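Counting along the sequence shown from 1, when you hit position 272 you're at 300 in the working numbering, and nothing is skipped either side.
All C-beta atoms in this analysis are idealised placements derived from N, C-alpha and C, irrespective of residue type, glycine included.
Only a predicted model underlies this, so the values are computations on that prediction, with no experimental measurement involved.
Written below as structure tokens is the structure these notes are about.
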Amino acid sequence: MAYPESYWQFLVLRLACAASCVPLLLALNGSLGRKYCRAYPIILPLLPALMICFMIYLSGDPGSGYYAGLTLCVVSTAFVFHWTFREIGITLGLVLLAYFAATIPNLNFTEYSHELGIFVNNTGFILLNCVVLYFGSRQHHAIRLREFASRCKVEDQREELAARNAELTATLKRLRETEAQLDQSEKLASIGRLSAGIVHEINNPLNYVKSAIYLLKKKGKALPPDIAETFTSIAEDIGEGIDRVSAIVSDLRTFAHPENRGSRPVDLQETSRKALRLLAKEIGDRGVLMVDEIPEGVIAQGDENYLIQILLNLVQNSLDAMAGRPSPTIWLKARATATGVDLIVLDNGAGIPKENLSKIFDPFFTTKQVGQGMGLGLSICFRMIQNMGGEVKIDSVEGSHTQFTLSLKKPENA
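Structure representation (structure tokens):
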């Protein structure tokens, strides 16, 4: 409209410029746009700027009002297509060069004219715009960086707070578990203190019964032979039952002893029988075959109370692992080694998954349901074995078997 004589020519230039920008914008989200993304902040504002400068040159008017279009290109360079200050500086420099290339050839420097004054005015306006936009964009960029840094700091603090909350929650959970375990330990300690009186009260009537059976056996000799044989057999059965009750009471007193009596020679066969007597009912109720293959006279250095507790825990774990398994069997074995004796507990239960083998001795680690275990049994057993100067090894295949091997030292006087 400003130059009616060039109306169609300038219209075609504008349409050509717009058409050249369309494929560039469409390719912005494609592979080409991603590959040349750093060139876009220069190319996109530079295309209309070159078109405007070319129309200024064709108009022959150095003071053309088209310079206002260059201002829009400069603004888009600084804010719309903002990438880095390097691209901004390059684009602003190219726009200014194109503007001078389009206007200077049409200037008449021989005499002062109105067009020269407008050119100086327009040039000053464009230069000031470039300076203001360049440094304004830097300031804007710095503000955005500070905001971004503040957001990152807040996010880091939020993540740190979340991590501390998670750690605090885990600590509180462990404290509750420890508190429950301490409560249970206090109950067991109370039972241990009461057991001495209970054992005493049980032993007194047992001694009376033993004396009565002795007298019955002595009196039975005077009975007729056919009655005496039956009478003696019944008395012997009663005596065996009383001896079994007395042995269980003695084992309970030994196990309830709250202190470590120190390392000393221990008969492993006798120790295993004491442990199995305490678990005899549960073994029978679960239908498990217990194979005790520990021979007589196998002596190791250790603490009998500790070993009973370890065997109770390992056998109990084996019973739990064999629930629902066909032909459940537990083997107790002992074999001599170069440095001492290996006490072995083997079962054909479900086995332990490979990913859990490295964690089974960790405190509070358990795969049992809530309320069925706290994950402290094997951890305590591991500590007891170390206190006796021994080692524990585990061999397990999921779905096949689990074997615990307790390596104990030889007796010191051996």
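Within this structure, are the beta carbons of CYS101 and ALA126 separated by less than 7 angstroms? Stepping through the sequence shown from its first residue, residue 101 is reached at position 73. Stepping through the sequence shown from its first residue, residue 126 is reached at position 98. Cβ atoms of CYS101 and ALA126: not closer than 7 angstroms.
For LEU86 and ALA129, what's the separation of their Cα atoms in angstroms? Here residue 86 corresponds to residue number 58 of the sequence shown, with the count starting at 1. Here residue 129 corresponds to residue number 101 of the sequence shown, with the count starting at 1. Each residue's alpha carbon lies about 12 angstroms from the other.
Identify the residues that DSSP records as bridge partners of ILE327: which are they? Mapped onto the sequence shown, residue 327 falls at position 299. ASP295, per the DSSP bridge assignment.
One question on the structure: do ILE372 and THR433 come within less than 7 angstroms of each other, judged by their Cβ atoms? On the sequence shown, position 344 is the one that residue 372 refers to. On the sequence shown, position 405 is the one that residue 433 refers to. Their beta carbons are under 7 angstroms apart, which means ILE372 touches THR433 by this criterion.
Proximity below 7 angstroms, CB of VAL326 to CB of LEU436: Counted from its first residue, the sequence shown places residue 326 at position 298. Counted from its first residue, the sequence shown places residue 436 at position 408. Cβ distance not < 7 angstroms, so VAL326 and LEU436 don't count as in contact.
Would you mind sorting GLY427 into buried or exposed? The rule is 16 or more other CB atoms within 10 Å of its CB. Working through the sequence shown from its first residue, we reach residue 427 at position 399. Label assigned to GLY427: exposed.
So, PHE153 versus THR131, is the Cβ gap smaller than 7 angstroms? Within the sequence shown, the letter at position 125 stands for residue 153. Within the sequence shown, the letter at position 103 stands for residue 131. Going by C-beta atoms, PHE153 is not nearer than 7 angstroms to THR131.
Assuming GLY91 contacts GLU143 under a Cβ cut-off of 8 angstroms, what Cβ separation, rounded to an integer in Å, is found between them? Taking the first residue of the sequence shown as position 1, residue 91 is located at position 63. Taking the first residue of the sequence shown as position 1, residue 143 is located at position 115. With a contact defined as Cβ atoms closer than 8 angstroms, GLY91 and GLU143 qualify at about 4 angstroms.
With 16 other CB atoms within 10 Å as the buried threshold, where does SER291 fall? By one-based count along the sequence shown, residue 291 stands at place 263. By the 10 Å Cβ count, SER291 comes out buried.
Alpha helix (DSSP H) runs contained entirely in the region 74 to 141, provided each spans 4 or more residues: 95 to 103 and 113 to 131
To the nearest whole angstrom, what separates the beta carbons of LYS361 and LEU374, a pair I think is in contact under 8 angstroms? Counting from one through the sequence shown, the residue named residue 361 turns up at place 333. Counting from one through the sequence shown, the residue named residue 374 turns up at place 346. So it is a contact: roughly 7 angstroms between Cβ atoms.
Proximal residues to ASN134 (C-beta, below 6 angstroms), its chain only, five neighbours per side dropped: Taking the sequence shown and counting its residues from 1, one reaches residue 134 at position 106. So the qualifying residues of the chain are GLY88 and PRO90.
Excluding the five sequence neighbours on either side, which residues of its own chain have a C-beta within less than 7 angstroms of the C-beta of SER487, listed in chain order? Because the chain here runs from 29 to 442, residue 487 falls outside it and cannot be looked at.
Assuming contact is defined by CB atoms lying nearer than 7 angstroms, are ASN376 and HIS429 in contact in what I supplied? Here residue 376 corresponds to residue number 348 of the sequence shown, with the count starting at 1. Here residue 429 corresponds to residue number 401 of the sequence shown, with the count starting at 1. Yes. Within cutoff.
Range covered by the alpha helix (DSSP H) that runs through LEU54: Here residue 54 corresponds to residue number 26 of the sequence shown, with the count starting at 1. Element bounds for LEU54: 35 to 54.
What does GLY368 pair with, by DSSP beta-bridge criteria? Taking the first residue of the sequence shown as position 1, residue 368 is located at position 340. GLY368 is bridged to LYS437.
In three-state terms, what does DSSP make of ASP320? By one-based count along the sequence shown, residue 320 stands at place 292. Residue state, collapsed to three classes: strand.
Could you check if ASP331 is buried or exposed, using at least 16 other CB atoms within 10 Å of its CB as the buried criterion? Mapped onto the sequence shown, residue 331 falls at position 303. Looking at its Cβ environment, which holds 16 or more other Cβ atoms inside 10 Å, ASP331 is buried.
Whose C-beta lies closer than 8 angstroms to the C-beta of GLY379 among residues of the same chain, with five residues either side of it excluded? Looking up residue 379 in the sequence shown gives position 351. So the list reads ALA349, SER424, VAL425, GLU426, GLY427, SER428, HIS429 and THR430, once near-sequence residues are dropped.
Take VAL316 as the anchor and find which of ILE70, LEU53, ASP265 and VAL343 has the nearest alpha-carbon. Position 288 of the sequence shown, counting from 1, holds the residue named residue 316. Considering only alpha carbons, the answer is VAL343.
Endpoints, alpha helix (DSSP H) assigned at ASP423: Translated into positions along the sequence shown, residue 423 becomes position 395. Element bounds for ASP423: not the alpha helix (DSSP H) but the beta strand (DSSP E), 419 to 425.
In or out: ILE262 buried (at least 16 other Cβ within 10 Å) or exposed? Here residue 262 corresponds to residue number 234 of the sequence shown, with the count starting at 1. Result: exposed.
Can you look up LEU251 in the DSSP assignment and give me helix, strand or coil? Mapped onto the sequence shown, residue 251 falls at position 223. Three-state DSSP puts LEU251 in coil, outside helix and strand.
Do ILE70 and ILE116 come within 7 angstroms of each other at the CB atom, strictly closer than that value? Residue numbering aside, residue 116 sits at position 88 when the sequence shown is read from its first letter. Residue numbering aside, residue 70 sits at position 42 when the sequence shown is read from its first letter. Against a cut-off of 7 angstroms, the Cβ pair of ILE70 and ILE116 comes out as no contact.
Who pairs with VAL273 in a beta bridge, going by DSSP? Working through the sequence shown from its first residue, we reach residue 273 at position 245. VAL273 is not bridged to any residue.
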